[in-house]
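**Q**
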Ligand code: AHR
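Residue numbers (my numbering): 53 to 548.
1) Is it right to say residue 347 is buried, meaning 16 or more other beta carbons lie within 10 angstroms of its own, or is it exposed?
2) Just the C-alpha distance for residue 464 and residue 434, rounded to the nearest angstrom, thanks.
3) So the candidates are 442, 466, 386; which of them puts its Cα closest to the Cα of residue 479?
4) Roughly how many angstroms separate the alpha carbons of residue 393 and residue 74, rounded to a whole number?
5) One question on the structure: do residue 127 and residue 174 come within less than 8 Å of each other, judged by their Cβ atoms?
6) Where DSSP assigns a beta bridge to residue 472, which residues make up the other side?
7) With distances taken between CB atoms, is the gap from residue 545 to residue 474 smaller than 8 Å?
8) Cutting at 8 Å between CB atoms, please list the residues of its own chain near residue 438, excluding the five before and the five after it.
9) Who pairs with residue 76 in a beta bridge, going by DSSP?
10) Pull up the distance between the alpha-carbon of residue 436 and that of residue 459, whole angstroms please.
11) List in chain order: all unbroken beta strand (DSSP E) runs of 3+ residues lying wholly within the segment 114–179.
12) On the three-pair Cβ rule with 8 Å, is the segment 497–509 touching the segment 355–372?
13) Buried or exposed: where does residue 555 fall if 16 or more other Cβ atoms within 10 Å of its Cβ makes it buried?
14) Measuring from the CB of residue 123, is there a heavy atom of the ligand AHR at a distance below 7 Å?
15) Taking the beta carbon of residue 339 as the centre, do at least 16 other beta carbons fall within 10 Å, making it buried, or is it exposed?
16) Ignore the nearest five residues each way along the sequence and tell me which others in residue 215's own chain have a CB closer than 8 Å to its CB.
17) With three or more C-beta pairs closer than 8 Å as the rule, is the segment 478–493 touching the segment 526–539?
18) Taking only runs that begin and end inside the segment 202–241, name each unbroken beta strand (DSSP E) of 3 or more residues, in chain order.
19) Who are the near neighbours of residue 309 in its chain, counting only those whose CB is closer than 8 Å to its CB and skipping five residues on each side?
20) Is it buried or exposed for residue 304, if we count other Cβ within 10 angstroms and need 16 for buried?
21) If you compare alpha carbons, which of 161, 133, 137, 164 is closest to residue 152?
22) Can you grab the Cα-Cα spacing for the pair residue 268 / residue 228, in whole Å?
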């Protein structure tokens, strides 16, 4: 296969918001307990935070973490997780017993230790405006009121200063506790946003969009919610999970393009409401749940009520990692409108990081494209329009075999992120780079590929799939970058 594109710094999509490299910690399965928090583990610090996990979180390059859910938040009472007395509760969303040993204070301390920005969700399922305001007062007010003084009594004299807040979670979904029609949710989101801003005007607020592109209410939901809450919110959320089905890897590898189509549809809907309301402000996008997820029936079945059960513990393959690479490319290609994105989730639960209780922590295959994108995907996204052969897929129609983007940092170093979706052969890539600086050379070309597309990283073999230098041959010559991308591969080519 052969593909090409042109890079020109004059044609920029926009600046990458570092919050594009966010993640998500939900009270679900073993994400919190025995994931980020395991007192008694040999690597635990004085708070019970696993240092081995913290090291991997830093290496992953996560910038922002959404918390505490997810479906969990829609039945959550934040007061149960603060102060000296913690209340164990039934947690119906994931049919688990929630000990509440880890709560807001622990999350704030963990976020500090991890060097990430916290992104909180308020419960708009079983609760409303008052409880959201109470939580905000507890978290962000400096002192002199019952709730802010209570925080100080609980050991946090300084306010947490949480700026980013989600107004509920997936309120369009029938599975969501307190699910309600768009018009009702839109009014509730607007009222909650207005009250929260009265307490803290510096907040950034996210309204719930659709739980996935295929929701029967998709489009109409965003239209109705934003018609009610346009002036009160900053972002609208998108959630999407993809997986290989019916032994159709080509369709699965097109997920990045499907994600782009989803983003473009949401942008169109936001701008439609903008036009209708005659506003200047533009709503931006928070893609605050995205990943590969193989749902298993056991997650839906009635199980005994347990603490931190093993749920959603997917082990990812090379194919999954390449698909995730495509999703990162999709987000970068829309950096003008997507300002926040959270891979769901961070540890153990559909996650790049896995742990064993009392045992090691390791990197899944999907860890690597995320870490490289976060490390090198900072700066200006250049417009990339590949000329590429296409493949017809059952899941997503005609899809180009090359999926790519490029980011130019402050020093002029350009990183090309490229996925070769072809399973049957390498891709000869040529990029016209004459508009970039003179004397440009290839600094590195790293590849994630494997002879076995089902290869996985496991506790026993945690580094089977990892980036490796590409075979020699990637070079700039006469203003043209030439590289060979192996079949089914994620590639990071740095030029400087
Ligand atoms: O991330 C897993 C779940 O997926 C979240 O709890 C929910 O918001 C979504 O449906």
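C-beta atoms are modelled at their ideal positions from N, C-alpha and C, and glycine is treated no differently.
**A** Quick answer:
1) Taking the chain shown and counting its residues from 1, the one referred to as residue 347 is at position 295. Exposed, by the Cβ-count rule.
2) To locate residue 464, count along the chain shown from 1; it is residue 412. To locate residue 434, count along the chain shown from 1; it is residue 382. If you take the alpha carbons of residue 464 and residue 434, they lie about 12 Å apart.
3) Within the chain shown, the letter at position 427 stands for residue 479. Answer by Cα proximity: 442.
4) Here residue 393 is taken as the residue at index 341 of the chain shown, counted from 1. Here residue 74 is taken as the residue at index 22 of the chain shown, counted from 1. Cα-Cα distance, rounded: 5 Å.
5) For the purposes of this step, residue 127 is identified with residue 75 of the chain shown, where counting begins at 1. For the purposes of this step, residue 174 is identified with residue 122 of the chain shown, where counting begins at 1. Not closer than 8 Å, so no.
6) Looking up residue 472 in the chain shown gives position 420. Answer is 454, 541, bridged to residue 472.
7) Start at 1 with the first residue of the chain shown, and residue 545 comes out as number 493. Start at 1 with the first residue of the chain shown, and residue 474 comes out as number 422. Cβ distance not < 8 Å, so residue 545 and residue 474 don't count as in contact.
8) As a first step, residue 438 is located in the chain shown; it is residue number 386 there, counting from the start. Once the five neighbours on either side are set aside, the close Cβ partners of residue 438 are 55, 56, 57, 452, 454, 455, 456.
9) Numbered from 1 along the chain shown, position 24 holds the residue referred to as residue 76. For residue 76, which the question treats as bridged, DSSP gives the partners 118, 396.
10) As a working note, residue 436 is residue 384 in the chain shown. As a working note, residue 459 is residue 407 in the chain shown. Straight-line Cα distance between these residues: approximately 10 Å.
11) Qualifying beta strand (DSSP E) stretches, in chain order: 116–119, 141–143, 148–150, 169–174.
12) Yes, the segment 497–509 is in contact with the segment 355–372.
13) This structure gives no information on residue 555, because the portion of the chain shown stretches from 53 to 548.
14) In the chain shown, counting from the first residue as 1, residue 123 sits at position 71. Residue 123 Cβ: within cutoff of the ligand AHR.
15) Position 287 of the chain shown, counted from the first residue, corresponds to residue 339. By the neighbour-count rule (16 or more Cβ atoms within 10 Å), residue 339 is buried.
16) Counted from its first residue, the chain shown places residue 215 at position 163. Only 169, 254, 255, 256 meet the Cβ criterion.
17) yes
18) 216–219
19) On the chain shown, position 257 is the one that residue 309 refers to. Only 378, 382, 448, 451, 452, 455 meet the Cβ criterion.
20) Looking up residue 304 in the chain shown gives position 252. Result: buried.
21) Stepping through the chain shown from its first residue, residue 152 is reached at position 100. Minimum Cα distance to residue 152 is reached at 133.
22) For the purposes of this step, residue 268 is identified with residue 216 of the chain shown, where counting begins at 1. For the purposes of this step, residue 228 is identified with residue 176 of the chain shown, where counting begins at 1. Cα-Cα distance, rounded: 15 Å.
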